[in-house]
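K.L.:
Numbered according to the numbering used here, the sequence shown spans residues 142 to 360. Cβ coordinates follow ideal geometry from the N, Cα and C atoms, glycine included. Predicted, not measured: the structure shown is a model, and the values here were computed from it. Submitted below is the structure of interest, expressed as structure tokens.
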Amino acid sequence: MANGTALLFDLDGTLTDTDHLHLEAFRILLKDFDRAITPEHYKARIMGHPNDQIMREMFPGETPERRIALSDQKEQLFRDQLATLTPTPGVLKVLDWADAHGVPYAVVTNAPRANAEMMLHGLGLDRRMTELVIGDELERAKPDPLPYRTGLQRLGATAERALAFEDSLPGIRAASGAGIATYGIRTAHPDAALLSSGAVAAIDDFTDAGLWKRLEALL
């Protein structure tokens with residue numbers, strides 16, 4: 142279908158719920174510093190933000206090189222917990238629908254490429270989600286709109302004919318800032334926060350009846 146349509150998916154918390162694994166990785170990392178982290182802090186200051194920003198805020202007294210090493214250590218702690226992952230309900234049906242109608246799709250994520258590839262493999266989606274936009278590989282990551290604009294460009298799509306799916310507030314701001322109608326997934330945030338960040342609707346998962354009406358309208 143060459144009419145500019147596309148679906149753009151965040152990964153963590155959107156295609157699968159992995160936030161508890163990230164939180165645990167940070168908890169293990171911070172034990173060496175006699176520090177702790179709460180779920181509330183994770184949701185407010187970490188979830189959806191790029192790693193360099195997270196580490197600058199978390200370790201302001203460390204050198205840039207040390208912060209990179211700590212970031213790499215945290216991501217390895219996260220990957221060590223990964224095995225077979227469970228897709229968010231309805232996402233496989235959405236991908237089947239997209240394939241049947243020739244609608245291209247991509248993952249747009251701030252996760253490091255090693256994480257993203259390992260997660261997609263764990264979900265059994267590595268052969269389907271072949272287009273990966275990695276925020277840290279661009280000049281600017283989410284919440285800047287650049288990753289989503291890059292996704293549109295790579296898929297030959299237009300913002301007006303695309304839909305995005307995000308669970309983090311920085312991610313919603315990025316996608317909506319690119320002019321894309323964005324659905325907020327209720328993984329961690331209440332509806333009010335998702336909508337005030339720019340989501341057109343808040344949904345539990347990809348089985349939502351309103352979402353399916355919007356998908357059919359794309360055709």
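1. In this structure, how does DSSP classify Gly-312 when only helix, strand and coil are distinguished?
2. Report back the beta-carbon spacing between Met-260 and Leu-236 to the nearest angstrom; my notes put them in contact at under 8 Å.
3. Please give the ranges of any beta strand (DSSP E) in the region 269-325, keeping only runs that are unbroken, at least 3 residues long and fully inside the region.
4. Quick check on the burial criterion: 16 or more other C-beta atoms within 10 angstroms. Buried or exposed for Asn-256?
5. Straight-line CA distance for Leu-310 to Ala-241?
6. Rank Leu-352, Ser-317, Asp-349 by C-alpha distance to the C-alpha of Leu-335 and give the top, closest one.
7. Quick one: what's got a C-beta closer than 8 Å to Arg-168's C-beta in the same chain, skipping five residues either side?
8. For Leu-223 and Lys-234, I'd like the C-alpha separation in whole angstroms.
9. Please list, in chain order, all residues of the same chain as Ile-313 whose beta carbon is under 7 Å from its beta carbon, the five residues on each side excluded.
10. Leu-296 and Ala-147 look like a contact to me (Cβ under 8 Å); what is the Cβ gap, rounded to whole Å?
11. Evaluate the contact criterion for the region 344-351 versus the region 184-193: three or more CB pairs, one atom per stretch, below 8 Å.
12. Determine the direct distance from the alpha carbon of Ala-282 to that of Pro-205, and round the result to whole angstroms.
13. Bridge partners of Asp-153, per DSSP?
P.N.:
The short version:
1. Gly-312: helix per DSSP, three-state reduction.
2. No, Met-260 and Leu-236 are not in contact; Cβ-Cβ is about 15 Å, not under 8 Å.
3. Qualifying beta strand (DSSP E) stretches, in chain order: 273-275, 303-307.
4. Label assigned to Asn-256: buried.
5. Cα-Cα distance, rounded: 31 Å.
6. Among Leu-352, Ser-317, Asp-349, the Cα nearest to that of Leu-335 belongs to Ser-317.
7. The answer, listed in chain order, is Ala-177, Ile-178.
8. Answer to the nearest angstrom: the Cα atoms are 24 Å apart.
9. If we look at Ile-313 and ignore the five residues flanking it on each side, its Cβ neighbours are Glu-307, Thr-323, Gly-325, Leu-335, Ser-338, Gly-339, Ala-340.
10. Right, the Cβ-Cβ distance comes to about 4 Å (below 8 Å), so this counts as a contact.
11. Counting Cβ pairs under 8 Å, fewer than three are found: no touch.
12. About 18 Å.
13. Paired residues: Thr-157.
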